[in-house]
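Each protein sequence line maps, in turn, to chains A and B. For the first sequence, the positions run 367 to 478 when the working numbering is used. For the second sequence, the positions run 65 to 178 when the working numbering is used. So the structure is just underneath, and the comments pick up after that.
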Amino acid sequence: EADIYQTPRYLVIGTGKKITLECSQTMGHDKMYWYQQDPGMELHLIHYSYGVNSTEKGDLSSESTVSRIRTEHFPLTLESARPSHTSQYLCASRVTGGDGYTFGSGTRLTVV
Amino acid sequence: AQSVSQHNHHVILSEAASLELGCNYSYGGTVNLFWYVQYPGQHLQLLLKYFSGDPLVKGIKGFEAEFIKSKFSFNLRKPSVQWSDTAEYFCAVTPSGNTGKLIFGQGTTLQVKP
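In structure tokens:
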């Protein structure tokens, strides 16, 4: 079944570590997005991609970076994690012209 | 700046009560409107969407929403809630024709008491 997968589901990591949050989708969607969600708050767009080799920063400033080397893969990287990065990160995708956004289950990141 | 405002942060209802969750957005142009639901421990799922046409849209699980352009609103309704409707509900907007970026409201936590 086509879906969007995020790993890991939960991650606790020490300050200063480099981490990569994985996001993959099997639907061939060209557009992909990363949202950040703090508890009880709205989702904020931090990165998006129109397609391969396309990446843009979203509305909320983030110290993370993304890459889009393959259509199905849109990883997010933090070079040096800090406690302020503690949050939930949600990945989503959609196809141009389509009306459906598909969301992953999210990665809940805690930086200690 | 474009924004989405959900009026109720936390709603508690008894089963069979009627539900209305408010959503207003600020954007002067044509928009596409969505309601998403996030059940405990699960990912966001689309409840319903409005792109054009009939402003009263029906979604899954008995939910409906009405787009009132003059009020910049897209309120979610359900005539009779069930315990299984306990979840967090997000209103979202994307201006038509842009990159498809969704702008979310802050969410409403609905708790339905059996």
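Heads up, the beta-carbon is just placed ideally off N, CA and C, and yes, glycines get one too.
One or two residues paired with residue i in a DSSP bridge
| i | result |
| --- | --- |
| B:Val95 | B:Pro159 |
| B:Tyr89 | B:Val68 |
| B:Glu84 | B:Arg141 |
| A:Tyr376 | A:Arg474 |
| A:Ser390 | A:Tyr371 and A:His439 |
Alpha-carbon spacing of residue i relative to residue j, whole angstroms
| i | j | result |
| --- | --- | --- |
| B:Val145 | A:Gly406 | 22 Å |
| A:Lys384 | A:Lys423 | 20 Å |
| A:Ser428 | B:Tyr114 | 30 Å |
| B:Leu85 | B:Gln70 | 8 Å |
| A:Glu367 | B:Phe154 | Any reading at A:Glu367 must be qualified, since the residue scores a pLDDT of 48, below 50, and its modelled position is unreliable; the value itself is stated next. Computed Cα separation, rounded: 25 Å. |
| A:His410 | B:Val68 | 11 Å |
| B:Ala80 | B:Ser137 | 25 Å |
Span of the beta strand (DSSP E), counted from its first residue to its last, around residue i
| i | result |
| --- | --- |
| B:Val121 | Leu120 to Lys122 |
| B:Ile132 | Glu128 to Ile132 |
| A:Tyr416 | Counting along the chain, A:Tyr416 falls outside any beta strand (DSSP E), and DSSP gives it neither H nor E. |
| A:Met398 | Lys397 to Gln403 |
| A:Arg474 | Thr473 to Val477 |
| A:Ala447 | First-last for A:Ala447: undefined, no H or E at that position. |
| A:Arg460 | Ser453 to Arg460 |
| B:Leu111 | Gln109 to Tyr114 |
| B:His74 | His74 to Ser78 |
| B:Thr173 | Thr172 to Lys177 |
Residue-level contact to chain B via CB, residue i, 7 Å cutoff
| i | result |
| --- | --- |
| A:Ser453 | no |
| A:Glu408 | yes |
| A:Leu442 | no |
| A:Leu411 | yes |
| A:Arg460 | yes |
| A:Lys423 | no |
From the options, residue whose alpha carbon lies closest to that of residue i
| i | options | result |
| --- | --- | --- |
| B:Ser134 | B:Tyr89, B:Gln170 and B:Ser148 | B:Tyr89 |
| A:Glu388 | A:Arg474, A:Pro441 and A:Ser433 | A:Pro441 |
| A:Gly466 | A:Arg448, A:Gly417 and A:Ala458 | A:Ala458 |
| B:Leu223 | A:His439, A:Ile370, A:Met393 and A:Val477 | Nothing can be reported for residue 223 of chain B: it is not among the residues displayed for chain B, which extend from 65 to 178. |
Interface flag, residue i vs chain A, CB-CB below 7 Å
| i | result |
| --- | --- |
| B:Gln175 | no |
| B:Phe168 | yes |
| B:Gly164 | yes |
| B:Leu77 | no |
| B:Ile111 | In the sequence under discussion, the amino acid at residue 111 of chain B is Leu, which differs from the Ile named in the question. Answer no: the Cβ-Cβ gap between B:Leu111 and chain A never drops below 7 Å. |
| B:His107 | yes |
Test: residue i CB closer than 7 Å to a CB of chain E
| i | result |
| --- | --- |
| A:Ser427 | Structure shown: chain E not included; protein chains present are A and B. |
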